[in-house]
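In full-length UniProt numbering, the protein residues as written are 1 to 559.
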Amino acid sequence: MKRFRLLLLFVFSLTVASGQGLYQVGDTIEDFELIDRATGEPVRLYELEGNVIFLEWFAHWCPFCQAAAGEIGPGVVDYYTDRGGNVDGIPVKHVALNLQGNEEAATQAFVNFYGLGLVLNDFNRAVAGRFQNGGQPIFAIINGVTNSASHEPWELMYSQLGYGMLNFPIATFRGVIDGVRMESGEPEPEPEPEPEPEPVEIETPAVAFPPRAQTVRVGQAAEFVVAVTGGGVMTYQWEHDGVAIPNAVMPYLKLANVSAGDAGEYRVTATNAAGTVTSAAARLTLDATAEGRLVNLSSLSYSGAGADQLVPGFVAEGAVRLLVRAAGPALVEFGVEGRLANPFLQLAEGSMILSDNDDWSSTVGAEIATAANAVGAFALPEGSQDSALIYDYDGGPRSAPVRGSGGGTGISLVEVYQVPTAGRPGHLVNLATRGLVRSNETLVAGFVIGGTGARTVLIRGVGPELGAFGVPGVLADPQLNVASGGTVMIGNDDWASGPTNMTAVASAGAAAGAFVLAPGSADAAMAITLAPGQYTVQISGKDGASGVVLAEIYDVTDR
Numbered sequence: 001m002k003r004f005r006l007l008l009l010f011v012f013s014l015t016v017a018s019g020q021g022l023y024q025v026g027d028t029i030e031d032f033e034l035i036d037r038a039t040g041e042p043v044r045l046y047e048l049e050g051n052v053i054f055l056e057w058f059a060h061w062c063p064f065c066q067a068a069a070g071e072i073g074p075g076v077v078d079y080y081t082d083r084g085g086n087v088d089g090i091p092v093k094h095v096a097l098n099l100q101g102n103e104e105a106a107t108q109a110f111v112n113f114y115g116l117g118l119v120l121n122d123f124n125r126a127v128a129g130r131f132q133n134g135g136q137p138i139f140a141i142i143n144g145v146t147n148s149a150s151h152e153p154w155e156l157m158y159s160q161l162g163y164g165m166l167n168f169p170i171a172t173f174r175g176v177i178d179g180v181r182m183e184s185g186e187p188e189p190e191p192e193p194e195p196e197p198e199p200v201e202i203e204t205p206a207v208a209f210p211p212r213a214q215t216v217r218v219g220q221a222a223e224f225v226v227a228v229t230g231g232g233v234m235t236y237q238w239e240h241d242g243v244a245i246p247n248a249v250m251p252y253l254k255l256a257n258v259s260a261g262d263a264g265e266y267r268v269t270a271t272n273a274a275g276t277v278t279s280a281a282a283r284l285t286l287d288a289t290a291e292g293r294l295v296n297l298s299s300l301s302y303s304g305a306g307a308d309q310l311v312p313g314f315v316a317e318g319a320v321r322l323l324v325r326a327a328g329p330a331l332v333e334f335g336v337e338g339r340l341a342n343p344f345l346q347l348a349e350g351s352m353i354l355s356d357n358d359d360w361s362s363t364v365g366a367e368i369a370t371a372a373n374a375v376g377a378f379a380l381p382e383g384s385q386d387s388a389l390i391y392d393y394d395g396g397p398r399s400a401p402v403r404g405s406g407g408g409t410g411i412s413l414v415e416v417y418q419v420p421t422a423g424r425p426g427h428l429v430n431l432a433t434r435g436l437v438r439s440n441e442t443l444v445a446g447f448v449i450g451g452t453g454a455r456t457v458l459i460r461g462v463g464p465e466l467g468a469f470g471v472p473g474v475l476a477d478p479q480l481n482v483a484s485g486g487t488v489m490i491g492n493d494d495w496a497s498g499p500t501n502m503t504a505v506a507s508a509g510a511a512a513g514a515f516v517l518a519p520g521s522a523d524a525a526m527a528i529t530l531a532p533g534q535y536t537v538q539i540s541g542k543d544g545a546s547g548v549v550l551a552e553i554y555d556v557t558d559r
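So, in structure tokens, the structure goes:
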């Protein structure tokens, strides 16, 4: 506790008289002193003499701070470390300055994720306020070399507010840093400018997927998601009943442990260089009787031999009756090409086969047709070689491997429906499908949330981590999208690409009992709260790559 109290202290040795203006490029920066987050000890600017000093102010929740930290680490810090300094051999010292107080855990997650070195606390902006008025991130580059031939000691060489509007920021930062020269030595030629990328076409933003109304119980989570087209750097601002929500600047709004004060209408305004759009309002309703559950899980993918075999799995809690189907021939009605001509469906617990079916209507076809009608599943053609079975069980993990009867391969749709049955009130909580994503193709997993209450689900597309389990030919870099009504609403590339997502995924995974994803791996994942409805998870390989992937959907609402 003593250390954390120290971290919250702020010491500023420069007395700033009222009326002092902002520093301008060319001004001499006066010495200041701030507290080192890691040690609780004071650090003075002038102690960094002998370096080109790169100052970067941040707040952990700021999307442009996240973007900047992700690029400045490799583009500036690592770049000059690897080269032993700038073009004249002058060392470069990067200092991160934290503007956000009282949110230590989130700030530390930011610091850890981006590998920040020296981090100072500037909670009341006493130092930041001399460089820029409000906002973040803020950048400043200062010459700390007292015998420089190019600049005065402690001269401010560069100052900038914001990151999203900068063109080629890393090249700009390097140009300033490399401009600092020592007294002796012939100046080296200016570095070659980095090639300019093709201009990005920017259109007026439009809402492609609006936030949806949600109903939850007090203490549960709620979330609103928006998808906006238009291109360029897009900024967001969420409102609650017409009032802007501080720090709500992402394309989603997560509310944890909702209370009565959170009820009401939510909308978001998105802005890029071409214009602004505001979404329709979505209402958050609190209802103590709200209940939701997964009622249908499915996966559509290629099923081959060996590791390429399509192997869906599922978990239920409590006693349930399930309808499990593997459709191949029936997919002709949906225009699916390369169908598995004669799917053979098995039901297994570990290595033990519990049940199987080849042609669905050859055994209990009438019972299967009745169950399909009850849950709203499309009808299988009478006498077709699609497979299906009814299964009663009391929970636990099961798998439903699918192969072609006679060794055939092709696309198959595997579906698991909960059939309402007296005395079997349990519910599905997990679907996991291992399948082969072929080049430029997609594995599709679907799920339906029934009832009235929103559910929080963990969705993962695992490729690299499968290698640790001995799976050959894994998908090296899965790309994951979640869609509703044919429109992609949100996506993820690398699960640890930001501290907020990394923390949420790790927490949900621990609650669900899922195996741990390695920090920094290229596996994809997200945790999201969704209203009742139908959703699809689309997993593909980056740049059209192929490989084996595991798609997982966990209900973690009350865990």
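Idealized CB from N, CA, C, for every residue including glycine. Note that the coordinates shown come from a computational prediction; the quantities given were computed from them, not determined experimentally.
Ranked by Cα distance from Thr-215, the first of Pro-63, Pro-532 and Gln-538 is Pro-532. Around the beta carbon of Asn-102, fewer than 16 other beta carbons lie within 10 angstroms, which makes this residue exposed.
With 16 or more other Cβ atoms from the protein chains shown falling within 10 Å of its own Cβ, Gln-385 counts as buried. In this structure, the straight-line span from the alpha carbon of Leu-297 to that of Thr-500 is close to 28 Å.
Taking one beta carbon from each stretch, the segment 332-340 and the segment 403-422 have 3 or more pairs nearer than 8 Å; the two touch. An exposed status is given to Gly-383, since fewer than 16 other beta-carbon atoms sit within 10 Å of its beta-carbon.
Contact between Gly-423 and Ala-476 fails: their C-beta atoms lie close to 47 Å from each other, not under 8 Å.
Taking C-alpha positions only, Leu-550 is separated from Val-119 by approximately 39 Å. Of the residues assessed, Thr-557 falls on the buried side of the cut-off, its CB having 16 or more other CB atoms within 10 angstroms. Under the three-state reduction of DSSP, Ala-280 is assigned to coil, being neither helix nor strand. CA-to-CA, the gap between Gly-242 and Thr-278 works out to about 12 Å. Here the alpha carbon of Gly-513 sits roughly 13 Å from the alpha carbon of Val-457.
Beta-bridge analysis with DSSP links Asp-356 to Gln-346. Proximity of the segment 119-129 to the segment 80-92 falls short of the contact definition, fewer than three beta-carbon pairs being nearer than 8 Å. Assignment of Tyr-163 by DSSP, reduced to helix, strand and coil, places it in the coil class. DSSP places Asn-430 inside the beta strand (DSSP E), whose first and last residues are 427-437.
Here Pro-169 is buried. Its C-beta has 16 or more other C-beta atoms within 10 Å. As summarised for the segment 357-436, the continuous beta strand (DSSP E) elements at least 3 residues long and confined to that stretch are 387-399, 402-404 and 410-418, given in chain order. When the five nearest sequence neighbours on each side are left out, the beta carbons in the same chain lying within less than 6 Å of the beta carbon of Gly-520 are those of Ala-496, in order along the chain. Within the same chain, Cβ atoms closer than 6 Å to the Cβ of Asn-481 are found at Val-488, Gly-491 and Gln-538, the five residues on either side in sequence being excluded. Annotated as proximal: Ala-280 and Arg-267, with beta-carbon spacing under 8 Å. Secondary structure remark: continuous alpha helix (DSSP H) runs of at least 4 residues inside the segment 69-102, in chain order: 79-83.
Residue state for Asn-247 is assigned as coil, using DSSP reduced to three classes. A straight line joining the alpha-carbon of Val-324 with that of Ala-330 spans about 15 Å. Ser-507 sits in a helix when the DSSP states are folded into three classes.
Looking at the backbone, the Cα of Val-25 and that of Val-218 are separated by about 52 Å. The straight-line gap separating the alpha-carbon atoms of Tyr-417 and Leu-345 is approximately 15 Å. In chain order, Leu-322, Val-324, Leu-347 and Ser-355 place their CB closer than 7 Å to the CB of Tyr-391, counting only its own chain and leaving out the 5 sequence neighbours on each side. Between the alpha carbons of Tyr-163 and Gly-318 lies a gap of roughly 51 Å.
Residue state for Met-502 is assigned as helix, using DSSP reduced to three classes.
Counting the other CB atoms within 10 Å of its CB gives Pro-420 a total below 16, which places it among the exposed residues.
Sorting Gly-50, Leu-48, Ala-68 and Glu-349 by C-alpha distance to the C-alpha of Glu-56 places Ala-68 at the top. One thing to note: Ala-326 has its Cβ within 8 Å of the Cβ of Ser-387.
Just so you know, the alpha carbons of Thr-28 and Lys-93 end up roughly 18 Å apart. Per DSSP, Gln-220 is not a residue of any alpha helix (DSSP H), being assigned neither H nor E. When rounded, the separation of the alpha-carbon atoms in Ser-399 and Pro-251 is 36 Å.
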